[in-house]
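Numbering (the working numbering), first residue to last: 39 to 664.
Idealized CB from N, CA, C, for every residue including glycine.
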């Protein structure tokens, strides 16, 4: 794994130690790794006048002369230490501070240092500095000013908050790292055991499995940041948390999610290429919209020159690539920045009607017409029909309940589209005539996906229970239906996703931990990904040629599969393209593939950002190159 990825892992462990009240360990890890600046600790050191402790902690993040911000912080702290020594009539200590600590700032500040030196011969510093009151008051004023500098400091400002990660997500991520980083297995499994134990503990039980282990039982940050077989962490047997304790060994704890051993999983993934640095591929962050926080759906238009995104607040964004000397075909590219389209004539951006939402968990979905001229969309309220040229709202229909949960244009007529609802109903609707053409019955749970074949009279629908139905669109009747072949521990309601293969003879089905390709005549599974270690899927899509399956997992990793055998060819970690100190609550949740470029895809993240990815070399191939 890359250095960047291990920074993410260290941040996960730091979050856990902090939540479990391992104060000294969390403080050491945050400082040694440089990932988290504990403002409260630093403030306490300054207010107590523990200048050496405050400086040593600060040195873990920035040196004295890194930049003007650092110079200002160190100078003000040392100046206050100097004033306090003078106020205590300790001239020898004051002289030592002046020569050792303040002289470093003399260059360019000769007069200031001279004025400070003059204070050595003054009986009371208030004769020269009348505003000086007492040490406690001055320390409070000092930390107030320093905190403002730290917030603006480029090396510190982004390290003041821990990631807002829920415990179930942390538990899942740690289980994955336990599998794919065997040299870190003890750390992750120990934490994972504790997390699993907390989940089932009684209110009066001790929530801290590691309470009896002092900070020497916790690896240093430098150890956590190392990767590969070079990392060795040895504990004394008296202090070591046994993996064969009452709570069971690591594989035992993971037994409810692992069907085979971790070693088998690693062997299976031996050909996978983990991408941990941005130099290993090309990516482009698209211009952001200030009001967008979460990108829930993405799609390219059929021409491949624009991307449409739907945010959780109902706002639609459109990026259009220009035809230039650097981009002759005008197609979407990771080498050319597109323009974020804005409505003309003062019209508002395309936004769904949110006023009639009745569900506590609104569902967002949209569908583009065949030629990309229209989009139908909803965010849990009414369906909006937009013109993609003028960005005007043409019509709103279908006030909930029931709530619309999926949409798809009928390929033979843009005026007709399929609508799935959360009450398991499914209809075909003609928007021009405002008429329900057909009501299709067969699902027992909310309908989550609709896919029309572009070459045959077939519609495939899926529901939250993993049921797939094949419909004849001539007579609008059921031809066949199946229940997805899902492992027992995956049997919970989720969003079934369906996408036709480019040959229109097969389709991709994704459901929680299930990823498989089915042929359409008998709904027979012809190829399936069977992970030994449970990995939960957010979204998946075929490449334009059907040779690749791009998938997002809930830990934020983008995985590239060879569609012929579902072998993992590479994994792209969020740490390779996000800023170094990004919150762990920022990760991709939506994905789409370019309709003509099989090696280009786009992902949408929880913070509203959108990234386009391509192999490192122009015309490169994710599978062949890795």
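Please work out which residues of its chain come closer than 6 Å, Cβ to Cβ, to residue i, disregarding the five sequence neighbours upstream and downstream, and give them in chain order.
| i | result |
| --- | --- |
| residue 530 | Caution applies to residue 530, whose pLDDT of 49 falls short of 50 and renders its modelled position unreliable; the value that the coordinates give is listed next. So no residue of the chain qualifies. |
| residue 569 | none |
| residue 406 | 337, 413 |
| residue 174 | none |
| residue 8 | There is simply no residue 8 to check, as the chain begins at 39 and stops at 664 in what is shown. |
| residue 581 | 631, 636 |
Specify the secondary structure class of residue i as computed by DSSP and reduced to three states.
| i | result |
| --- | --- |
| residue 537 | strand |
| residue 78 | helix |
| residue 375 | coil |
| residue 556 | strand |
| residue 319 | strand |
| residue 370 | coil |
| residue 660 | coil |
| residue 354 | strand |
| residue 56 | helix |
| residue 66 | helix |
| residue 470 | coil |
| residue 476 | strand |
| residue 396 | coil |
| residue 593 | coil |
| residue 416 | strand |
| residue 169 | coil |
| residue 624 | coil |
| residue 565 | strand |
| residue 348 | strand |
| residue 12 | Absent from the model: residue 12. The displayed extent of the chain is 39 to 664, so no value can be given. |
Spatial neighbours of residue i within its chain, please: CB distance less than 7 Å, with the 5 preceding and 5 following residues excluded, ordered by chain position.
| i | result |
| --- | --- |
| residue 426 | 410, 411, 412, 413 |
| residue 556 | 544, 545, 547, 562, 563, 564 |
| residue 487 | 444, 499, 500, 534, 535, 536 |
| residue 142 | 102 |
| residue 83 | 91, 92, 95 |
| residue 64 | 52, 55, 56 |
| residue 194 | 75, 99, 100, 188 |
| residue 365 | 359, 371, 374 |
If residue i and residue j are in contact, beta carbons under 8 Å, what's the gap, nearest whole angstrom?
| i | j | result |
| --- | --- | --- |
| residue 441 | residue 456 | Wrong, their Cβ atoms sit about 15 Å apart, outside the cutoff. |
| residue 631 | residue 579 | 5 Å |
| residue 477 | residue 437 | Not confirmed; about 18 Å, so no contact. |
| residue 590 | residue 624 | The pair is not a contact, with the Cβ atoms about 13 Å apart (cut-off 8 Å). |
| residue 390 | residue 416 | 6 Å |
| residue 75 | residue 167 | At roughly 30 Å, the Cβ-Cβ gap does not stay under 8 Å, so residue 75 and residue 167 are not in contact. |
| residue 481 | residue 497 | Rounded, the Cβ-Cβ distance is 13 Å, inconsistent with contact. |
| residue 469 | residue 506 | Rounded, the Cβ-Cβ distance is 27 Å, inconsistent with contact. |
| residue 170 | residue 140 | Rounded, the Cβ-Cβ distance is 17 Å, inconsistent with contact. |
| residue 151 | residue 157 | Not quite, the Cβ-Cβ distance comes to about 11 Å (not below 8 Å), so this is no contact. |
| residue 335 | residue 402 | 6 Å |
| residue 347 | residue 584 | Going by Cβ atoms, the distance from residue 347 to residue 584 rounds to 24 Å, so no, they are not a contact pair. |
Tell me, which residues are paired with residue i by DSSP?
| i | result |
| --- | --- |
| residue 457 | 445, 465 |
| residue 617 | Note: residue 617 sits in no beta bridge, so no partner. |
| residue 505 | 521 |
| residue 515 | 510 |
| residue 579 | 588 |
| residue 365 | 362 |
| residue 631 | 639 |
| residue 500 | 487, 506 |
| residue 422 | 415, 434 |
| residue 338 | 345 |
| residue 652 | 320 |
Using only the alpha-carbon positions, how far apart do residue i and residue j sit?
| i | j | result |
| --- | --- | --- |
| residue 379 | residue 428 | 11 Å |
| residue 645 | residue 332 | 5 Å |
| residue 108 | residue 159 | 30 Å |
| residue 460 | residue 560 | 27 Å |
| residue 132 | residue 326 | 53 Å |
| residue 671 | residue 188 | Residue 671 is absent from the structure shown; the chain starts at 39 and stops at 664. |
| residue 85 | residue 178 | 6 Å |
| residue 446 | residue 604 | 27 Å |
| residue 134 | residue 124 | 11 Å |
| residue 612 | residue 148 | 48 Å |
| residue 439 | residue 422 | 16 Å |
| residue 374 | residue 359 | 8 Å |
| residue 115 | residue 593 | 42 Å |
| residue 614 | residue 319 | 10 Å |
| residue 181 | residue 78 | 11 Å |
Suppose the cutoff is 8 Å on Cβ atoms and the five residues either side in sequence are ignored; what does the same chain contact list for residue i look like?
| i | result |
| --- | --- |
| residue 660 | 586, 598, 607, 608, 637, 653 |
| residue 154 | 117, 120, 136, 140 |
| residue 553 | 546, 547, 566, 567, 575, 578, 587, 589, 599, 604 |
| residue 454 | 447, 448, 466, 467, 468, 469, 475 |
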